[in-house]
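Each protein sequence line maps, in turn, to chains S and H.
At position 196 of the first sequence (counting the first as 1) the number is 196 in the numbering used here, and the numbers step up by one without a gap.
For the numbering used here, count along the second sequence from 1 and bump the result up by 215.
We put the beta carbon where it would ideally sit given N, CA and C, even for glycine.
These numbers were taken from a predicted model, which means no experiment stands behind them.
In what follows, a single structure is set out as structure tokens and then discussed.
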Amino acid sequence: MNIFRLAGDMTHLFSVLVLLLKIHTIKSCAGISLKTQELYAIVFTTRYLDLFTTYISLYNTIMKLIFLGSSISIVWYMRHHKVVRRSYDKDQDTFRHYLLMLPCLLLALLINEKFTFLEVMWAFSLYLEAVAILPQLVLLQRTRNIDNLTGQYVLLLGAYRALYVLNWIYRYFTEENYVHWITWVSGIVQTLLYADFFYYYFQSWKNNVKLQLPA
Amino acid sequence: TKDSAGKDEL
Numbered sequence: 001m002n003i004f005r006l007a008g009d010m011t012h013l014f015s016v017l018v019l020l021l022k023i024h025t026i027k028s029c030a031g032i033s034l035k036t037q038e039l040y041a042i043v044f045t046t047r048y049l050d051l052f053t054t055y056i057s058l059y060n061t062i063m064k065l066i067f068l069g070s071s072i073s074i075v076w077y078m079r080h081h082k083v084v085r086r087s088y089d090k091d092q093d094t095f096r097h098y099l100l101m102l103p104c105l106l107l108a109l110l111i112n113e114k115f116t117f118l119e120v121m122w123a124f125s126l127y128l129e130a131v132a133i134l135p136q137l138v139l140l141q142r143t144r145n146i147d148n149l150t151g152q153y154v155l156l157l158g159a160y161r162a163l164y165v166l167n168w169i170y171r172y173f174t175e176e177n178y179v180h181w182i183t184w185v186s187g188i189v190q191t192l193l194y195a196d197f198f199y200y201y202f203q204s205w206k207n208n209v210k211l212q213l214p215a
Numbered sequence: 216t217k218d219s220a221g222k223d224e225l
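Take a look at the structure:
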């Protein structure tokens, strides 16, 4: 495992920890899109079906279980926890996220590495992950006050994606036969979706003012 | 493991 991949996984892990910290300690999910969280729960469930068929490493298995468990529990907290769910910005979080799923499924049926159930699900999870952040970005833009934890959560997620792109570049040049167009294209699309957010985040950081996205 | 390369990623 190279340094970019490890750093990518760690920023992903930190992003989840930041979100859990907000939910568990402050008992708030204000500014967090349930739609995005539901999409992530579906992304990890469909991608990690290979937990039952392929063993890669202990690290791999543990991380998969963490991402599965945390994404499902975050959705549970936002929907059912009696305190947390009250802070959910339901009226602002109106992105019709299920509309993203059908095109991703059709694309996965058409473009996959092999036409098997696991491979189609795997491709579906990559396409869906690429667009899963959209409801969150839309909610950020609508929420006038973005708190620090929410800003850091999205920043860490974006950093995780950018580090994975570096990881692919590194692997392409150091490993033989390492070519994965589906992963690369959907991963690059996903990373580009964060570009706008990154821009405003660093502007606010540089000017030492509170993060606000233009309407 | 050339076929599964990439599937070792999360």
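Next item on the list: Output, in chain order, the set of chain H residues within a Cβ distance shorter than 9 angstroms of Ile218 of chain S.
Entry: No answer is possible for residue 218 of chain S: the residues shown for chain S start at 1 and end at 215.
Item checked: CB contact check: Lys217 of chain H to chain S, cutoff 8 angstroms -> Interpretation of Lys217 of chain H is limited by its pLDDT of 44, a score under 50 that renders its predicted location unreliable; no figure is taken from the coordinates.
Next item on the list: Give the DSSP-derived three-state secondary structure of Val18 of chain S in the structure shown.
Entry: Residue state for Val18 of chain S is assigned as helix, using DSSP reduced to three classes.
Check: So does the region 186 to 202 of chain S actually touch the region 27 to 41 of chain S, counting three or more Cβ pairs closer than 8 angstroms?
Finding: no
Margin query: Could you check whether the Cβ of Asn2 of chain S sits closer than 8 angstroms to any Cβ belonging to chain H?
Written below: no
Notebook entry, point to check: Closer than 9 angstroms, Cβ to any Cβ of chain H: which residues of the region 45 to 63 of chain S, in chain order?
Noted result: Within the region 45 to 63 of chain S, the qualifying residues are Arg47, Tyr48, Asp50, Thr54, Ile56, Ser57, Asn60, Met63.
Check: Taking Met101 of chain S as the reference, which of S:Met1, S:Val16, S:Glu38 has the closest Cα?
Finding: S:Glu38
Notebook entry, point to check: Does the count of Cβ pairs from the region 165 to 173 of chain S and the region 2 to 19 of chain S closer than 8 angstroms reach three?
Noted result: yes
Next item on the list: At 9 angstroms on the CB atoms, spell out the chain H contacts of Asp91 of chain S, in chain order.
Entry: Within chain H, no residue comes near Asp91 of chain S; the closest Cβ sits about 34 angstroms away, beyond 9 angstroms.
Margin query: Quick check: the Cα distance between Cys104 of chain S and Phe202 of chain S, rounded to an integer number of angstroms?
Written below: 32 angstroms
Next item on the list: Show which residues of chain H have a CB atom less than 7 angstroms away from the CB atom of Asp9 of chain S.
Entry: Leu225
Next item on the list: Could you check what DSSP says for Phe115 of chain S in three-state terms: helix, strand or coil?
Entry: Secondary structure at Phe115 of chain S: coil, using DSSP grouped into helix, strand and coil.
Check: If you draw a straight line from the alpha carbon of Val16 of chain S to that of Glu119 of chain S, how long is it in whole angstroms?
Finding: Val16 of chain S and Glu119 of chain S: Cα-Cα distance of roughly 26 angstroms.
Notebook entry, point to check: Under a Cβ-count criterion, where at least 16 other Cβ atoms within 10 Å of its own Cβ denotes burial, should Thr150 of chain S be classed as buried or exposed?
Noted result: buried
Note to self: Check whether the region 46 to 60 of chain S and the region 18 to 25 of chain S touch, using three or more Cβ-Cβ pairs below 8 angstroms as the test.
What the structure shows: no
Check: In chain H, which residues lie less than 8 angstroms from Arg5 of chain S when you measure between Cβ atoms?
Finding: Simply Glu224.
Check: Can you name the residues of chain H whose CB is closer than 8 angstroms to the CB of Phe67 of chain S?
Finding: Leu225
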